[in-house]
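S.K.: Would you mind keeping the following structure in view while I ask a few things?
Residue numbers (the working numbering): 10 to 261.
Right, dumping it as structure tokens:
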């Protein structure tokens, strides 16, 4: 729809209503964090919460299943779904591959979106069984970039889930980005090159040592902090990062 000429000319002449600063304008006022700043946040979180011992799960199979099932749901619901899978005897990549889709979907019902998630589990198991002769360790042994690319080629596996598997199963360095990491980065007032997953990931991977255990612990600490303190309504008075955080001190 074309805008009426009168309104358009007023804005061009500066007579129209003022508009709030754009997201790009706010971004220009932010600064990229240094490596030292990233490590200071890590050390503070580690001192506040201690080692997180992530990922919760007993073995590679359970971690992969959990990484897929946790999409768009709480971990409590994932645990219920995993328990039902175990009780149903669907507790290996081979068992998932051979299970009837409706049976698998019913087993993981507590995780929500169970029909699509059941397909995702079966698509993953198909790759393990057909391409790697049922030996998932051969998949994990791929070079980091090759492994990540192959995981992203599986139906239903996005960047966050792929990086969960690369980092927590294959134990290779690929920093995981999720909504909690984004929330904390944004509230700390750090500048990010863009809004894509890769932009937030580069903020960490370009400035931190290439170290899978560090990435593992850092991501787990960020998630724990978001769950306990930096929630949707943050408890800034109880935050170990309050003096570093513009959000805790007022508007950015």
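Built from N, CA and C at the ideal position, the CB exists for glycine as well.
Does the structure place the segment 63-81 close enough to the segment 235-255 that three or more beta carbon pairs sit under 8 Å?
M.R.: No, the segment 235-255 does not touch the segment 63-81.
S.K.: Residue 199 bridges to which residues according to DSSP?
M.R.: The count along the chain shown starts at 1 and reaches residue 199 at position 190. Paired residues: 40.
S.K.: Just the Cα atoms here: how many angstroms apart are residue 40 and residue 67?
M.R.: Counting from 1 along the chain shown, the entry for residue 40 is found at position 31. Counting from 1 along the chain shown, the entry for residue 67 is found at position 58. Their Cα atoms are separated by approximately 41 Å.
S.K.: CA-CA distance, residue 251 and residue 110?
M.R.: Counted from its first residue, the chain shown places residue 251 at position 242. Counted from its first residue, the chain shown places residue 110 at position 101. Those two C-alpha atoms are separated by around 48 Å.
S.K.: Cutting at 7 Å between CB atoms, please list the residues of its own chain near residue 186, excluding the five before and the five after it.
M.R.: Position 177 of the chain shown, counted from the first residue, corresponds to residue 186. So the qualifying residues of the chain are 169, 206, 209, 210.
S.K.: For residue 195 and residue 65, what's the separation of their Cα atoms in angstroms?
M.R.: For the purposes of this step, residue 195 is taken as residue 186 along the chain shown, with counting starting at 1. For the purposes of this step, residue 65 is taken as residue 56 along the chain shown, with counting starting at 1. So the two alpha carbons sit approximately 27 Å from each other.
S.K.: For my contact list, residue 105 and residue 149 are in at a C-beta cut-off of 8 Å; report their separation, rounded to the angstrom.
M.R.: In the chain shown, the residue the question calls residue 105 occupies position 96. In the chain shown, the residue the question calls residue 149 occupies position 140. So it is not a contact: roughly 17 Å between Cβ atoms.
S.K.: Using 8 Å for Cβ pairs, my map puts residue 132 next to residue 164. What's the rounded Cβ distance?
M.R.: Working through the chain shown from its first residue, we reach residue 132 at position 123. Working through the chain shown from its first residue, we reach residue 164 at position 155. Sure, about 4 Å apart at Cβ, within 8 Å.
S.K.: Any contact between the segment 46-63 and the segment 216-229? By contact I mean 3 or more CB pairs, one from each, below 8 Å.
M.R.: A contact exists between the segment 46-63 and the segment 216-229.
S.K.: Quick check: what's the CA-CA separation for residue 180 versus residue 119?
M.R.: Your numbering for residue 180 matches position 171 in the chain shown. Your numbering for residue 119 matches position 110 in the chain shown. Whole-angstrom Cα-Cα distance: 28 Å.
S.K.: Where do the ends of the alpha helix (DSSP H) carrying residue 125 lie?
M.R.: Translated into positions along the chain shown, residue 125 becomes position 116. Element bounds for residue 125: 123-135.
S.K.: Report the rounded CA-to-CA distance for residue 91 versus residue 70, giving the unit in angstroms.
M.R.: By 1-based counting over the chain shown, the position of residue 91 is 82. By 1-based counting over the chain shown, the position of residue 70 is 61. Between residue 91 and residue 70, the C-alpha separation is close to 11 Å.
S.K.: Return helix, strand or coil for residue 243, following the three-state DSSP convention.
M.R.: Residue mapping note: residue 243 aligns to position 234 of the chain shown, counting from 1. Note: residue 243 maps to coil in three-state DSSP.
S.K.: Looking at residue 134: is its Cβ nearer than 9 Å to the Cβ of residue 103?
M.R.: For the purposes of this step, residue 134 is taken as residue 125 along the chain shown, with counting starting at 1. For the purposes of this step, residue 103 is taken as residue 94 along the chain shown, with counting starting at 1. Yes, the pair counts as a contact, with Cβ atoms nearer than the cut-off.
S.K.: Leaving out five residues before and five after residue 81 in sequence, what residues of the same chain have Cβ atoms less than 8 Å from its Cβ?
M.R.: Translated into the one-based positions of the chain shown, residue 81 becomes position 72. Around residue 81: 121, 122.
S.K.: Is DSSP giving residue 76 helix, strand or coil here?
M.R.: Here residue 76 is taken as the residue at index 67 of the chain shown, counted from 1. Correct three-state label for residue 76: helix.
S.K.: In terms of residues, what are the limits of the alpha helix (DSSP H) holding residue 102?
M.R.: Mapped onto the chain shown, residue 102 falls at position 93. 102-107 is the extent of the alpha helix (DSSP H) around residue 102.
S.K.: What is the residue span of the alpha helix (DSSP H) that residue 253 lies within?
M.R.: Numbered from 1 along the chain shown, position 244 holds the residue referred to as residue 253. From DSSP, residue 253 is part of no alpha helix (DSSP H); its letter is neither H nor E.
S.K.: Only counting the same chain, and skipping five residues up and downstream in sequence, which positions put a Cβ closer than 7 Å to that of residue 191?
M.R.: Counting from one through the chain shown, the residue named residue 191 turns up at place 182. Taken in chain order, the residues that qualify are 209.
S.K.: Quick one: what does DSSP say residue 141 is sitting in, helix, strand or coil?
M.R.: Taking the chain shown and counting its residues from 1, one reaches residue 141 at position 132. The answer is coil: DSSP assigns residue 141 none of H, G, I, E or B.
S.K.: DSSP three-state label for residue 156, please.
M.R.: In the chain shown, counting from the first residue as 1, residue 156 sits at position 147. Three-state result, residue 156: helix.
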